[in-house]
Amino acid sequence: MRECDVSVVIPTYNRTSLLGRALNSIAQQTVQPSEVIIIDDCSEAAVIKEVNAIVSSFSALLKIRLIVNESNSGANRSRNKGISVANSRYIAFLDSDDLWLPEKLERQIGAIERAKTASSKPVLSATGRYRVDGRGEFIARQFGGHVLDSLKIRKSNFIGTLSSVIVEAAIARQIHGFNEALPASQDWDFFIRLSDYVHYVGVAQPLCVYVDHGNDRITLDYRKKLRGHIAIYKNHIRYSVYDVNTIRAEFLRNIAEDYQELGNRSKAAFFYANALSSRIQPGFLEYMAACVLRASFRVLALPALRQRRYQRYRRSMDRLRRNKETWATIREDERVIQGLIA
């Protein structure tokens, strides 16, 4: 089978069946990567034994290297280790609980090769993605668009999951990979730091499957997420050359959602009121609107922000259902995804 000049980097920790599922989605690719690098972040001894067995079972299909960390250091240190040892021109990331559709590498590398004729900059590429729950049921089909600039990526992490991303290894090393000091949002920070250097190639087709464990989140996850959002603000927004007010609305809404999920109603209301008022021209009117909204949320219940977000996902899927051709494609992709999950 034809190969492409791609190293796949998979961090994993105490996972076996999900790792096998992810590797199976790579083995099913119509174009094979030149290597797959699995970095196990010091799993339990029994798990390491199973991981070795899984790697052996795929060794006839894929060129796999298994690296086991001496201590548990986090997924982003594992990714950085993968970046440092990768032999290929391009690096693709795949989380061990996510999946690729069979044409992911072929279509994405094809788009990258076509784009290289128009720019000498190193490439960052991301595809569209399906968002599914743990059972493989569809939540949303998402694509952030074909344009990446420093302002747009600061407004929100529209690229989304790392499992859709391919980046040139040289530029990933030049910016020193992922910031291991961040508690969360390391992927968003990575994209922001790349944005000034790369030629972005967006591939609209949903070729990646992001498994959303939102219903299984625990309080600690939301604390990390909140700290990550605050770090993004401090590192990339607060003193940026961009007009902060053009970035604030969505960013503040995200922080409000974090606080709401943590059960801190007063801070959630404070940041949500600021998010709504920031859409008004900065100045006295914005200040007064924020004051009025904060006062109203002392009496009125704050909307369930996470629930609202998932309702938007459902409405988007409902719109897609009305297009027979699009829905037929989605149903065929669903059949493939269910097969990969099974």
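Residue numbering for the sequence shown follows my numbering, starting at 1 and increasing by one per position. For glycine and all other residues, C-beta sits at the position ideal for the given N, C-alpha and C. On a predicted model such as this, the values are computed, not experimentally measured, just so you know.
Residue i and residue j closer than 8 Å at C-beta
i      : j      : result
Gln186 : Thr127 : no
Leu293 : Ser278 : no
Lys121 : His199 : yes
Asp133 : Leu18  : no
Pro282 : Gly228 : no
Ile38  : Lys81  : no
Leu162 : Ser195 : no
Ala249 : Ala268 : no
C-alpha gap between residue i and residue j, whole angstroms
i      : j      : result
Asn179 : Ile83  : 13 Å
Arg21  : Ala273 : 43 Å
Val241 : Leu151 : 10 Å
Glu44  : Ser34  : 29 Å
Ile91  : Ile232 : 24 Å
Glu109 : Ile10  : Per the sequence shown, residue 109 should be read as Ile rather than Glu. Computed Cα separation, rounded: 19 Å.
Glu332 : Ala290 : 47 Å
Arg131 : Val85  : 30 Å
Glu168 : Asn323 : 36 Å
Val47  : Leu101 : 27 Å
Ile237 : Val244 : 7 Å
Arg217 : Thr117 : Note that Arg217 scores a pLDDT of 49, beneath 50, so its modelled location is shaky; the value from the coordinates is reported in the next line. The straight-line gap from Cα to Cα measures roughly 43 Å.
Coarse secondary structure for residue i, derived from DSSP in three states
i      : result
Tyr259 : helix
Gln281 : coil
Cys4   : strand
Ala204 : strand
Val209 : strand
Asp196 : coil
Glu250 : helix
Val47  : helix
Arg217 : Because Arg217 carries a pLDDT of 49, less than 50, the predicted location of this residue cannot be relied on, and no value is offered for it.
Val36  : strand
Cβ separation of residue i and residue j, assumed to be a contact under 8 Å, to the nearest whole Å
i      : j      : result
Val209 : Arg129 : 7 Å
Ile159 : Gly177 : Wrong, their Cβ atoms sit about 16 Å apart, outside the cutoff.
Glu3   : Gln28  : Contact doesn't hold; Cβ gap of about 15 Å is too wide.
Ser25  : Leu226 : In fact, because the Cβ distance is near 32 Å, the residues do not count as touching under 8 Å.
Arg253 : Leu302 : Not really, about 11 Å apart at Cβ, beyond 8 Å.
request  = Could you pull out every unbroken alpha helix (DSSP H) segment of at least 4 residues lying fully inside the stretch 51-120, listed in chain order?
outcome  = 75-85 and 104-116
Unbroken stretches of the alpha helix (DSSP H), 4 residues or longer, contained in the stretch 123-190 = Correct list: 150-155 and 169-174.
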